[in-house]
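Reviewing the structure listed below.
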Amino acid sequence: MTVTPAPASAQTTPTPDSISAPDLASLAGLLADRTRASICLALLDGRAWTATELAQHAGVARSTVTGHLHQLVAGGLLDEARQGRHRYVRLSGPATAEMIESLASHAPLRTTPVRSLRDANRRRALAHARSCYDHLAGAVAVAITDAMTERSLLAWDYGPSLSEDGKAWLRDMGIDDHRPLGSCRAHIRTCLDWTERRPHLAGAVGAALFQRALDAGWVTRRGTTRVVELTDAGRAVFRTQLGLGDEVLSPPQS
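If you read the sequence shown in our numbering, its first letter stands for residue 930, the second for the next number, and so on.
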């Protein structure tokens, strides 16, 4: 699979007699369209999607979604990948994903009708536990962050950071807390959860915790959706290690 980064035209090169400044209006314009916003929210699952899949998700024609994808790629929010005759798009990286999740948490809630019991169950499951690109989000993720804070595994003196106890706890859980060499990604940060409106763990540590949970079978993905489900083993681990109760660990009721 060949990944094509956003074109250089998406960045403005300053001339000696000019002053560069962030073009926030241009970025906001990319997300001002509901179809483009819907595309970005769908891509928070971390997968690469085809234009056809995104058109079905957004409820628009494929030709319409293709035009929107061109704008999002040119604007640097998406990367394009080609595999044979197929074209895929995905978010340009974890920083983009965390920005979109944070913007969603600040956006006003728009009421949409619930058309079926299946739709209602999906929404409840999404709010309970879901993937946010490469880390865990939802009520379970917020509860994990709160519990780590209460146990002094996270310190907040100068923003979120791991305490010595936190580093030891991660090692005991089989989680590597070291930043990869050459990575410019934040070691540890929080993301404002758009359903809970409270912070959950993100950054490299948040991603490592989620990957460990997947590898160990503490959580599983539900099909190709963003929904994440706790297994019995996962409930036991989070109950024992962080003292989480059944009110957050139990699956949402239908």
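A virtual CB, placed ideally from N, CA and C, is assigned to each residue, including glycine.
By the DSSP assignment, the alpha helix (DSSP H) with residue i in it spans what residues?
i, result
"PRO1181", "It is not in any alpha helix (DSSP H) - PRO1181 carries neither H nor E in the DSSP assignment."
"ASP1094", "1093-1101"
"GLU1027", "1023-1035"
"ARG1155", "Per DSSP, ARG1155 belongs to no alpha helix (DSSP H) and is neither H nor E."
"LEU970", "963-971"
"THR1124", "Per DSSP, THR1124 belongs to no alpha helix (DSSP H) and is neither H nor E."
"SER955", "953-960"
Per the DSSP calculation, residue i is bridged to which residue(s)?
i, result
"THR1119", "LEU1130"
"VAL1018", "TRP978 and GLU1009"
Since I believe residue j is in contact with residue i (beta carbons under 8 angstroms), could you give me their beta-carbon distance rounded to a whole number of angstroms?
i, j, result
"ARG1155", "ASP974", "4 angstroms"
"GLU1125", "VAL1071", "5 angstroms"
"SER992", "GLY1005", "In fact, because the Cβ distance is near 23 angstroms, the residues do not count as touching under 8 angstroms."
"TRP1147", "VAL1166", "5 angstroms"
"HIS1116", "ASP1122", "In fact, because the Cβ distance is near 20 angstroms, the residues do not count as touching under 8 angstroms."
Would DSSP call residue i helix, strand or coil?
i, result
"LEU1082", "coil"
"ALA1066", "strand"
"ARG1059", "strand"
"GLY1088", "strand"
"VAL989", "coil"
"ASP1104", "Residue identity differs from the one stated: residue 1104 is Ile in this sequence, not Asp. Three-state result, ILE1104: coil."
"LEU1138", "helix"
"GLY1163", "helix"
Can you give me the start and stop residues for the beta strand (DSSP E) that residue i sits inside?
i, result
"THR1149", "1148-1150"
Examine the ligand COA and report whether any of its heavy atoms sits within less than 6 angstroms of the Cβ of residue i.
i, result
"PHE1139", "With respect to small molecules bound, the structure shown includes none, and the ligand COA cannot be examined in it."
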